[in-house]
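2 protein chains.
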Amino acid sequence: MAEKTVKIAIVGFGTIGSGVAKILLEDADYIEAKTGIRLELARVVDIDTKSKRKVALPKGLLTDNLNSILEDKSIEIGVELVGGTKAAKDIQLKLLAGGKDVVTANKALLAEHGNELFTAAHKADKCIAFEASCAGGIPIISAIRTGLAANKIKAIYAIVNGTCNYILSNMTKKNMQFADALKQAQEKGYAEADPALDINGTDSAHKLAILASIAFGCEITPDDIYVEGIENIDTSDICYGREMGYTLKLLAIAQRADNGKIFLRVHPCFIPSDSALARVDGPFNAVSIFGNAAGQVMFYGRGAGMMPTASAIVADIIEVAMGNSKRLFKHLKLEPRNKVKNRISKIDELTSRFYIKLRALDKPGVFAQIGTVLAKNDISLSGVLQHEEHNTNNVVPVVVITHQTRQDKIAAAIKDLGKLDVVKDNPVCIRIVDIPEDNVE
Amino acid sequence: MAEKTVKIAIVGFGTIGSGVAKILLEDADYIEAKTGIRLELARVVDIDTKSKRKVALPKGLLTDNLNSILEDKSIEIGVELVGGTKAAKDIQLKLLAGGKDVVTANKALLAEHGNELFTAAHKADKCIAFEASCAGGIPIISAIRTGLAANKIKAIYAIVNGTCNYILSNMTKKNMQFADALKQAQEKGYAEADPALDINGTDSAHKLAILASIAFGCEITPDDIYVEGIENIDTSDICYGREMGYTLKLLAIAQRADNGKIFLRVHPCFIPSDSALARVDGPFNAVSIFGNAAGQVMFYGRGAGMMPTASAIVADIIEVAMGNSKRLFKHLKLEPRNKVKNRISKIDELTSRFYIKLRALDKPGVFAQIGTVLAKNDISLSGVLQHEEHNTNNVVPVVVITHQTRQDKIAAAIKDLGKLDVVKDNPVCIRIVDIPEDNVE
Numbered sequence: 001m002a003e004k005t006v007k008i009a010i011v012g013f014g015t016i017g018s019g020v021a022k023i024l025l026e027d028a029d030y031i032e033a034k035t036g037i038r039l040e041l042a043r044v045v046d047i048d049t050k051s052k053r054k055v056a057l058p059k060g061l062l063t064d065n066l067n068s069i070l071e072d073k074s075i076e077i078g079v080e081l082v083g084g085t086k087a088a089k090d091i092q093l094k095l096l097a098g099g100k101d102v103v104t105a106n107k108a109l110l111a112e113h114g115n116e117l118f119t120a121a122h123k124a125d126k127c128i129a130f131e132a133s134c135a136g137g138i139p140i141i142s143a144i145r146t147g148l149a150a151n152k153i154k155a156i157y158a159i160v161n162g163t164c165n166y167i168l169s170n171m172t173k174k175n176m177q178f179a180d181a182l183k184q185a186q187e188k189g190y191a192e193a194d195p196a197l198d199i200n201g202t203d204s205a206h207k208l209a210i211l212a213s214i215a216f217g218c219e220i221t222p223d224d225i226y227v228e229g230i231e232n233i234d235t236s237d238i239c240y241g242r243e244m245g246y247t248l249k250l251l252a253i254a255q256r257a258d259n260g261k262i263f264l265r266v267h268p269c270f271i272p273s274d275s276a277l278a279r280v281d282g283p284f285n286a287v288s289i290f291g292n293a294a295g296q297v298m299f300y301g302r303g304a305g306m307m308p309t310a311s312a313i314v315a316d317i318i319e320v321a322m323g324n325s326k327r328l329f330k331h332l333k334l335e336p337r338n339k340v341k342n343r344i345s346k347i348d349e350l351t352s353r354f355y356i357k358l359r360a361l362d363k364p365g366v367f368a369q370i371g372t373v374l375a376k377n378d379i380s381l382s383g384v385l386q387h388e389e390h391n392t393n394n395v396v397p398v399v400v401i402t403h404q405t406r407q408d409k410i411a412a413a414i415k416d417l418g419k420l421d422v423v424k425d426n427p428v429c430i431r432i433v434d435i436p437e438d439n440v441e
Numbered sequence: 442m443a444e445k446t447v448k449i450a451i452v453g454f455g456t457i458g459s460g461v462a463k464i465l466l467e468d469a470d471y472i473e474a475k476t477g478i479r480l481e482l483a484r485v486v487d488i489d490t491k492s493k494r495k496v497a498l499p500k501g502l503l504t505d506n507l508n509s510i511l512e513d514k515s516i517e518i519g520v521e522l523v524g525g526t527k528a529a530k531d532i533q534l535k536l537l538a539g540g541k542d543v544v545t546a547n548k549a550l551l552a553e554h555g556n557e558l559f560t561a562a563h564k565a566d567k568c569i570a571f572e573a574s575c576a577g578g579i580p581i582i583s584a585i586r587t588g589l590a591a592n593k594i595k596a597i598y599a600i601v602n603g604t605c606n607y608i609l610s611n612m613t614k615k616n617m618q619f620a621d622a623l624k625q626a627q628e629k630g631y632a633e634a635d636p637a638l639d640i641n642g643t644d645s646a647h648k649l650a651i652l653a654s655i656a657f658g659c660e661i662t663p664d665d666i667y668v669e670g671i672e673n674i675d676t677s678d679i680c681y682g683r684e685m686g687y688t689l690k691l692l693a694i695a696q697r698a699d700n701g702k703i704f705l706r707v708h709p710c711f712i713p714s715d716s717a718l719a720r721v722d723g724p725f726n727a728v729s730i731f732g733n734a735a736g737q738v739m740f741y742g743r744g745a746g747m748m749p750t751a752s753a754i755v756a757d758i759i760e761v762a763m764g765n766s767k768r769l770f771k772h773l774k775l776e777p778r779n780k781v782k783n784r785i786s787k788i789d790e791l792t793s794r795f796y797i798k799l800r801a802l803d804k805p806g807v808f809a810q811i812g813t814v815l816a817k818n819d820i821s822l823s824g825v826l827q828h829e830e831h832n833t834n835n836v837v838p839v840v841v842i843t844h845q846t847r848q849d850k851i852a853a854a855i856k857d858l859g860k861l862d863v864v865k866d867n868p869v870c871i872r873i874v875d876i877p878e879d880n881v882e
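Sequence lines, in order, name chains A and B.
Here our numbering is used: the first residue of the first sequence is 1, the next is one more, and so on.
Here our numbering is used: the first residue of the second sequence is 442, the next is one more, and so on.
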């Protein structure tokens, strides 16, 4: 006999909602045996009650009436899977006010209005669980909040957008051009019809805002994050980087210095090809966490998809039903943004190594001119690559790798280089990220 | 103000005990802010109260008298870090009987007497938390029990012994011989003075017993696990394997088939060099879990060491202090071994691919003889490697890779091959494990 039965309602009966319903309908016995709690899917709400879904619901469960949940006091947990930030926010607030705990996968909403929703939940003495909002089936939120609870988190380096990683993997391994790789990602179902939020880095920034908020205990929004997407990456740069031992990834990076300064950024970058994150291929996600006690811990898995995401949502439902989430959530008090804001570094303050590619005229004195510009801006080089090319336009690609340099100096140098007569097209500049791998001999 | 203060006693003040004390003494404020609970180190017990440790305890905390904990009703949690299976078991049982929850890193004890201890804990209405028993700082127990709670676990492929992985990495990357690599591991502090339990696979089997028990929900002991160590691995075989695209690892593998049959084994094996586990180098650990919903999820980090292990222990202390562990532990009912036993497969039932190396005379007809023996045993080949060698003894190494074959057939063939006049020395036979990577194009 179950110790207790917990009734659950799903709002939003799309792909993920279907996955959650499938687990709740098929595996309730298994979950009860492990937890003592009977999970009962009591209601599914969607404006579309007609279309065929991937899972068959018992008769009478599906409705388009949200009030049928709000008014049913026996329903304890509401799973918001509507997506977007407007209707979803309203629904979450109504669920909380209606006395229900909320489980959600809505990263955009949490990234933009997380603290407001958390405050509403605290007021209602309810909790919001959001494991599925970051990195799909990887239990990363739980890892940060419980498994690594004894750690002060120093940094997060993450691949949290499977669409971009799939595209970059194909550009890297098959020398595909961006447009073709994107098209293939769409055909395979890894990219939305409108992939803008994925490829311009916004989706990664949403996830980083959530991860950094809970890891650092302060309110971080997407506005605090420097963001560049992968839409302008050219396959030739991936190839030159590879020759020099680097792999291009879209990373989401959060770092907290000992003085409390926080650096948050999402951008394509070269990382050493033998680093663990460089080896994360295809639509997979990986999150590397650096804790002061545990050192580097990396989590790898499927960052999206019906069943992986449903796996994370049902894990949350179980924790909420057992009462464990609420106890921890009660203490999820984020330092408010107005206090955090002045500790957040600007991208110009970044010190990094850089990959710079110029298309330069193949004539005497060109290297001297480029070198003079770099020297003027206090930039020293650690590597240069120039292949012999036999073309008719007399323009050759020149790649340089810099030593550690401040972003603002690089920006000035790139501007100066662009003005040189011998340099054709705009210079390409890609950051090199040296992940402080927890290396041991 | 803390919601409540929880008093903790540590039994065993060695390296790990010092790490736990360090976190409790230095980070109590930080942990209180996140959880609302004040952790107070109330007592440390060790038979040696004189030696200098890596952390300075407040005066009066250290004693050699276990009863001072048992008699102090205000102490709620006892951390057993004595190690070994005799005294430690007695201490855990006394702590439970004394009304304390137990936190432990003792894999040998849990692997051999886990169910007995769990039963004692259930009787005392207390819990045992054991995150630190497997894979050090990686929160793998919590991942299986909560983050992946909605999954039926189908398989575990794990590198859980950092000593062996360090040795094999050095044999692979630096072509070191086993004895030299072991010596270096000892010098670096990655291997015990007596490394037998590490290199013969016993330690990995202990951890696999624990992981498989909680993943499959049944009582599994080291006796149920087929175990081979790495002590007889020769660097030349690592090199031949590498040429053919394989990397040698000591893997701990647990698989559960749909019909309930369970396969448990620890042995050195070749895995494809581009698989995620093949890239786990040095003393790191990694655990790959296959869930029916989440797919493949891999966890990577430091499997040992003072602070990573302390990180896991304090995470457990926090979960126990919050009451979360107890709620879940209450339902940790393992199917008893006498019922599970007949579902556990024998190694002879294994179907696998195999790497076989023979040292054979370099003369006409040798290949035919080898081929005849293999054919007689129903074994077909997928690859052969023989380098030209210019030596005086006229003996050359011949490497063959088989297709899927049953273990008992390979055993018979190896015996027959050993009897051939043209085959010198004993044939070397290493399993090839094809990890069902959750591959997506």
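Backbone N, C-alpha and C fix where the C-beta goes; we use that ideal spot for every residue, glycine too.
DSSP places glutamine 184/A in the helix class (H, G or I) of the three-state scheme.
Closer than 8 Å to the CB of glutamine 737/B there is at least one CB belonging to chain A. Annotation: serine 574/B is outside any beta strand (DSSP E) and is labelled neither H nor E by DSSP. Look at the segment 262–346 of chain A and you find these whole runs of alpha helix (DSSP H), each 4 residues long or longer: 306–322, 324–329, 337–340. Straight through space, the alpha carbons of arginine 145/A and valine 485/B are spaced by roughly 27 Å. The beta carbon of serine 823/B sits closer than 6 Å to those of Ile842, His844, all from its chain and outside the five residues before and after it, given in chain order. For proline 749/B, the C-beta contacts it makes with chain A under 7 Å involve Ala293, Ala294, Gly295, in order along the chain.
Among the residues facing chain B, valine 44/A is not included, as its CB has no counterpart in that chain under 8 Å away. The beta carbons of glycine 525/B and alanine 549/B sit about 7 Å from each other, so the pair counts as a contact at 8 Å.
Straight through space, the alpha carbons of histidine 267/A and alanine 209/A are spaced by roughly 14 Å. Within a 10 Å sphere around the beta-carbon of aspartate 487/B sit 16 or more other beta-carbons, which makes this residue buried. Counting C-beta pairs closer than 8 Å gives three or more between the segment 714–721 of chain B and the segment 688–699 of chain B, which meets the contact rule.
Take histidine 390/A, set aside five residues on each side of it, and no residue of its chain has a beta-carbon closer than 8 Å to its own. If you look at glutamate 660/B, you'll find it isn't in any beta strand (DSSP E); DSSP assigns it neither H nor E. Inside the segment 819–853 of chain B, DSSP marks whole beta strand (DSSP E) runs of 3 or more residues at positions 822–826, 836–843, from first to last along the chain. Taken in chain order, the complete beta strand (DSSP E) segments of 3 residues or longer contained in the segment 528–575 of chain B are 542–545.
Under the three-state reduction of DSSP, aspartate 425/A is assigned to strand. In summary, the residues of the segment 150–179 of chain A whose CB is separated from some CB of chain B by less than 7 Å are Ala150, Asn151, Lys152, in the order they occur in the chain. Residues of the segment 460–484 of chain B that bring their beta carbon within less than 8 Å of a beta carbon in chain A comprise Gly460, Ile464, Asp468, Tyr471, Ile472, Ala474, Lys475, Thr476, Gly477, in sequence order. Proximity of chain A to valine 755/B at the Cβ level (cut-off 7 Å) is accounted for by Ala150, in chain order. Taking leucine 328/A as reference, the option from Ile141/A, Gly137/A, Val20/A with the minimal CA-CA separation is Ile141/A.
Per the C-alpha coordinates, the member of Arg353/A, Asp421/A, Ala411/A, Leu334/A positioned closest to cysteine 218/A is Leu334/A. Take isoleucine 238/A, set aside five residues on each side of it, and the residues of its chain with a beta-carbon closer than 7 Å to its own are Met171, Thr172, Leu248, in chain order. Within 10 angstroms of the beta-carbon of asparagine 67/A lie fewer than 16 other beta-carbons, which makes it exposed. When secondary structure is reduced to three states using DSSP, glutamate 672/B falls in the coil class, being assigned neither helix nor strand. Here alanine 528/B is not near asparagine 547/B, since their CB atoms are 8 Å or more apart. DSSP lists Ala596/B, Phe704/B as the bridge partner or partners of glutamine 696/B. According to the DSSP secondary-structure assignment, leucine 589/B is paired through a beta bridge with no residue. Note that the C-beta distance between lysine 798/B and valine 869/B is below 8 Å.
DSSP, read as helix, strand or coil, puts glutamate 481/B in strand.
A direct Cα-Cα distance of roughly 4 Å separates threonine 351/A from arginine 406/A. Cβ proximity to chain A below 9 Å picks out nothing from the segment 672–693 of chain B.
At least 8 Å separates the CB of phenylalanine 711/B from every CB of chain A. When C-alpha distances from proline 397/A are compared across Ala286/A, Asn426/A, Met322/A, the shortest belongs to Asn426/A. Taking a Cβ-Cβ threshold of 7 Å, none of the residues of chain B is close to histidine 122/A; the smallest such distance is about 13 Å.
DSSP places alanine 634/B outside any beta strand (DSSP E), giving it a letter other than H or E.
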